[in-house]
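Reminder that position 88 of the sequence shown reads as 299 in the numbering used here, one-by-one numbering, no gaps. Ideal placement from N, C-alpha and C gives every residue a C-beta, glycine not left out. Below is one structure, written out as structure tokens; the observations come after it.
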Amino acid sequence: MRRKHRVATGLVGAALLAVAAAPSASAATGYDRCPNFKMCVFTGPNGTGVMATFSVGDANLGDNIGPTGMNNNIESTYNRTGHDWDLWDGAGYTGEHWVSHTHYDGHGRNVYAGIANRVSSLHDY
Ligand SMILES: [Ca+2]
Ligand SMILES: [Ca+2]
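Quick look at the structure:
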């Protein structure tokens with residue numbers, strides 16, 4: 212009897228978790244996940260894969276300051292900040308770079324092919 216009660220409680224807990232997780236899981240996909248006023252970067256092309264968002268630049272995507280897991284791992288961006296950003300191959304805004312323009316037309320862009328999966332710093336200006 213006691214054991215049965217425990218199982219029922221566990222099921223209720225799982226159901227609540229599922230309900231709480233549903234809105235974020237189903238609300239948006241691809242570039243549509245990017246909140247307004249943010250610089251969003253994606254590990255896959257066309258806004259796919261893991262997304263990280265930035266309000267200000269990040270001089271080193273490989274450290275633990277700011278979002279992690281994006282160093283040499285960015286294939287597309289959606290810039291909703293209202294100003295342009297530079298994406299650099301090297302940490303500390305060095306090496307080859309690519310400009311992510313603000314996209315007023317409401318679309319993200321794949322990064323320039325030569326810098327895909329190479330970006331190590333983001334300059335916000
Ligand atoms: Ca960082
Ligand atoms: Ca790099």
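Could you check whether the region 239-248 touches the region 275-284, counting it as contact only if at least three pairs of C-beta atoms, one from each stretch, sit closer than 8 Å? No, the region 239-248 is not in contact with the region 275-284.
Under 7 Å between the Cβ atoms of Ala-302 and Ser-332? Counting from one through the sequence shown, the residue named residue 302 turns up at place 91. Counting from one through the sequence shown, the residue named residue 332 turns up at place 121. Yes, they are a contact pair.
Applying the 10 Å Cβ sphere with the 16-neighbour rule, what's the burial state of Asn-290? Locating residue 290 in the sequence shown gives position 79, where the first residue counts as 1. The residue in question, Asn-290, is buried, as its Cβ has 16 or more Cβ neighbours within 10 Å.
So the candidates are Asn-271, Asp-297, Tyr-336 and Ala-327; which of them puts its Cα closest to the Cα of Gly-258? The residue you call residue 258 lines up with position 47 of the sequence shown. Of Asn-271, Asp-297, Tyr-336 and Ala-327, the residue nearest in Cα terms is Ala-327.
What would DSSP say about Leu-227, mapped onto helix, strand or coil? Translated into positions along the sequence shown, residue 227 becomes position 16. Legend: pLDDT at Leu-227 = 46, less than 50; position of this residue unreliable, value from coordinates given subsequently. Helix.
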